[in-house]
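Chains as they are written, first to last, in this note's numbering: chain A, 958 to 1399; chain B, 7 to 262. Every residue gets a Cβ at the ideal spot worked out from N, C-alpha and C, and that includes glycine. Notes follow the structure.
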Amino acid sequence: MSDVASGTERYLADFRAFAHNGAAVAPAWLKEIRESAIARFAELGFPTTKQEEWRFTSVAAIAETRFTHPASPIPQLGPRAIEPFLIGGGPRVVIVDGHYAAELSTASSTPKGVRVSSLAAALRTDGDSALARGHLTRYARWQESPFAALNTAFLVDGAFVHVPADATLEQPLEILYLATGRERTVSHPRTLVVVERGARAAIVETFAGVAEGGPYWTNAVSEVVVGQGAHVELYRVQRQGPESFQIATTQSRQERDSFLGVHVLTLGAGLARHDINAVLDGAGAELILNGLYLLNGAQHADHHTVIDHAQPRCASHEFFNGVVGERAHGVFNGRIIVRPGAQRTDSKQTNNNLLLSTEARADSQPQLEIYADDVKCTHGSTVGPIDPMQLYYLRSRGLSPETARGILTYGFGAEILGRMRHPEVRAQMDRLVRERLGEGRA
Amino acid sequence: MTENVLLQVQDLHATVEGREVLRGVDLTVRAGEVHAIMGPNGSGKSTLAQVLAGHPAYTVTAGRVLYEGKDLFGMPPEERAREGVFLAFQYPVAIRGITNAYFLRSAVNAIRKHRGQEELGPVEFMDALEAKLEVIGWDSSYLTRPVNDGFSGGEKKRNEILQLAVLDPKLAILDETDSGLDIDALKTVAQTVDKLRRPDNATILVTHYYRILTHIAPDVVHVLAGGRIVKSGGKELALELEEKGYDWLREEATVA
């Protein structure tokens, strides 16, 4: 425990240095929030497995590692370094160790009216700063989550995306968060996406590390606001190195009749925890949470999702599949809250886990909290090895056991990939899934 | 006579979960023939079909099966399929995430590879498939759906027949493919099976009902009861069963 406590102390000391140094350029309102957030982090400290929300996931390794907050300027990376992580030739924002890398980004090539920049730049620009102030830190619950608090305390940069009413950002905007792993760094990238009434946007967040980097920790928070009638597809790929740590929150708030699709592919990091908190805050909103985790080695990945039906006539469909091999451990916790008055809620949750070895483990926990009476809520989860009947069926058609196993395993992923609507993104995700599973060409 | 023999089942005994279900089955199927295997529920009809395909839950305890003169039980299920044995499942298995087209092409290519033929690419395969789809009265939308996932009972059975048409086996075993089909679907399925008849292939129809045999005339009808074939005859036997049921045979078997 003393190690964990001293871990907390280190971040308080780092914050004092940060507040006197890099943080000085921030607007006063943000400085206040940071002060509150670090105070909250000091109170909460690093979570332990005694806490229900962290039962299956120990973050002791993060608390005990002496990570440093890298001082800018960030190291220069050539365009070659980011190439393997890009999907298309569209606009992109590249964040290296938590800081915007202008020379790697092509944010200026966005459609008219759409604003894409670094968050730090947005906070220095009058109009954007006012907009950011209206949203930033208002959704992600730093008062409850120590990691969101830490991210908020060290909030300095990330991506800023504003799609004004009725505008369209159809070619997916790529936000690439790259860690260099130099000097055991921790970064706290913070992203704000605001899609206004009737607008459409597609965004891909990719978390990765450059090769040869040492252990690093990415502690990310993204807040996504979906305005009335707006349509947003948010893709997220986490492919950090096996020595790395990743803690992240994706926080969304949807207004009336909006649509949000969140598509998650978790492949990387030795220890990963992703909280997805989605609030359906306007009648008739629709949410699709569509996730896949493929784990091997000694990887541990924990997905905690909270879908909050705060208003009537909203629909949420959640599909998370996991393929867990070797000694890896997958955790899924899916909480659905239906608030009083959220009548005619339609909510469906499934979590299926395929275990590829006897040492692999998956824990699946649905949590339904329903406070309205006219609702349709279903959930189901499975954990187990390949179904012998499926295997036999494929073999009876001439497929070798190896091919049959490959197809059945790939099927777990393909089911999730099939819900991704942007063909170029889906193709890239499919390639990553096939690489991981060693499955042949379609 | 023996040169046309495709399948020879000799004194076959099999158990499932320790229970003996097949108690000495003898059956000879020649190329060009259609055999119907009928019998009451629990007589071992489906067990026979599954044992021939290689279902892992069944254990063969005695007897042997020669397929084209080779020991069938010496081959794992995939090898039987590649050598031309096909079982249309009574309860086809759903596979999420894998499209019917991908599944079918994987199966076709596994068999082509085994025969030393070149594997088909997606485009060539789709061309070859179009014609087969037409035969069973399906449009190509079924190809992009996951294998049997969310299919109705009738759709699943049709999908088995599509696989049969695409894989073109030497020995097709249809395990109660007719049950659960409405009259029109039954007709389509039966006509497809009938069209696939050739002098060099054979079909075993495992069925509970007479009606499919009005579309596919069997050369031989067998009655399986208590894990044994208790009576064999021409197609008039099926009609007799339709009229009299199975009880009279049970009595006959008991007396014998």
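Item: Contact set between residue 1347 of chain A and chain E, taken where Cβ atoms lie within less than 7 Å; Value: Looking at the structure shown, chain E is missing, and the protein chains on hand are A and B.
Item: Boundaries (first-last residue) of the alpha helix (DSSP H) holding residue 166 of chain B; Value: 159-173
Item: Cβ of residue 1393 of chain A within 7 Å of any chain B Cβ; Value: no
Item: Neighbour-count burial assignment, residue 84 of chain B, 16 or more Cβ in a 10 Å radius; Value: buried
Item: Same chain, Cβ closer than 8 Å to residue 118 of chain B, neighbours up to 5 away in sequence not counted; Value: 124, 125 and 126
Item: Cβ distance (whole Å) where residue 1192 of chain A is taken to contact residue 1220 of chain A below 8 Å; Value: 5 Å
Item: CB contact flag (residue 1246 of chain A, residue 1281 of chain A, <7 Å); Value: no
Item: Three-state secondary structure (DSSP) of residue 938 of chain A; Value: Residue coverage of chain A in this structure runs from 958 to 1399, which leaves residue 938 of chain A outside it and unanswerable.
Item: Chain A residues whose Cβ lies nearer than 9 Å to that of residue 167 of chain B; Value: In chain order: nothing, as chain A lies at least about 14 Å away.
Item: Neighbour list for residue 88 of chain B in chain A, Cβ cutoff strictly below 7 Å; Value: 1355
Item: Closest by C-alpha distance to residue 92 of chain B, when choosing among B:173, B:194 and B:233; Value: B:173
Item: Presumed contact (8 Å Cβ cut-off) between residue 1185 of chain A and residue 1157 of chain A, rounded CB distance; Value: 13 Å between Cβ atoms; not a contact.
Item: Contact set for residue 1090 of chain A: own chain, Cβ-Cβ below 7 Å, skip 5 residues either direction; Value: 986
Item: Beta-carbon proximity of residue 1279 of chain A to residue 1235 of chain A, cut-off 7 Å; Value: no
Item: Cutoff 7 Å; reference residue 1340 of chain A; Cβ partners in own chain excluding five residues on either side; Value: 1310, 1312, 1319 and 1321
Item: Ranges of the alpha helix (DSSP H) found wholly within the region 993-1037 of chain A, counting only runs of at least 4; Value: 1017-1021
Item: Residue 1226 of chain A vs residue 1208 of chain A beta-carbon contact at 7 Å; Value: no
Item: Length at least 4, wholly inside the region 1268-1304 of chain A: the alpha helix (DSSP H) runs in chain order; Value: none
Item: Stretch pair the region 1285-1304 of chain A + the region 1330-1344 of chain A: three plus CB contacts closer than 8 Å; Value: yes
Item: Unbroken alpha helix (DSSP H) run spanning residue 1346 of chain A, endpoints; Value: 1345-1352
Item: DSSP state of residue 982 of chain A mapped onto helix, strand, coil; Value: helix
Item: Interface positions of the region 1356-1379 of chain A facing chain B (Cβ-Cβ less than 9 Å), listed along the chain; Value: 1356, 1357, 1358, 1360, 1361, 1364, 1365, 1367, 1368, 1369, 1370, 1371, 1372, 1373, 1374 and 1375
Item: Rounded C-alpha distance that separates residue 1224 of chain A from residue 1260 of chain A; Value: 12 Å
Item: Straight-line Cα distance separating residue 120 of chain B from residue 1397 of chain A; Value: With a pLDDT of 41 at residue 1397 of chain A, under the threshold of 50, the modelled position of this residue cannot be trusted, and the question is left open.
Item: Proximal residues of chain B, C-beta to C-beta of residue 1352 of chain A below 8 Å; Value: 60, 82, 83, 84 and 87
Item: Residue 266 of chain B vs residue 103 of chain B beta-carbon contact at 7 Å; Value: This structure cannot speak to residue 266 of chain B, because chain B is shown only from 7 to 262.
Item: Boundaries of the alpha helix (DSSP H) in which residue 81 of chain B is found, first to last residue; Value: Here residue 81 of chain B belongs to no alpha helix (DSSP H), and DSSP marks it neither H nor E.
Item: Whole-number beta carbon distance between residue 35 of chain B and residue 12 of chain B, since they are thought to touch under 8 Å; Value: 5 Å
Item: Span of the beta strand (DSSP E) around residue 120 of chain B; Value: Run containing residue 120 of chain B: none in the beta strand (DSSP E); it sits in the alpha helix (DSSP H), 106-120.
Item: contact_flag[the region 181-195 of chain B, the region 93-113 of chain B] where n(CB pairs < 8 Å) is 3 or more; Value: yes
Item: Any C-beta of chain A under 7 Å from that of residue 113 of chain B; Value: yes
Item: Test item: CB-CB of residue 31 of chain B and residue 235 of chain B under 7 Å; Value: yes
Item: Chain-order list of residues whose beta-carbon lies under 6 Å from that of residue 1097 of chain A (same chain, five-residue window excluded); Value: 1105, 1178, 1180, 1206 and 1208
Item: Limits of the alpha helix (DSSP H) - the one that residue 44 of chain B falls within; Value: Not the alpha helix (DSSP H): residue 44 of chain B falls in the beta strand (DSSP E), residues 40-44.
Item: Candidates A:974, A:1355, A:1167 and A:1369, of which the one nearest residue 1342 of chain A by Cα; Value: A:1369
Item: The region 1208-1218 of chain A touching the region 1058-1072 of chain A, judged by at least three CB pairs closer than 8 Å; Value: no
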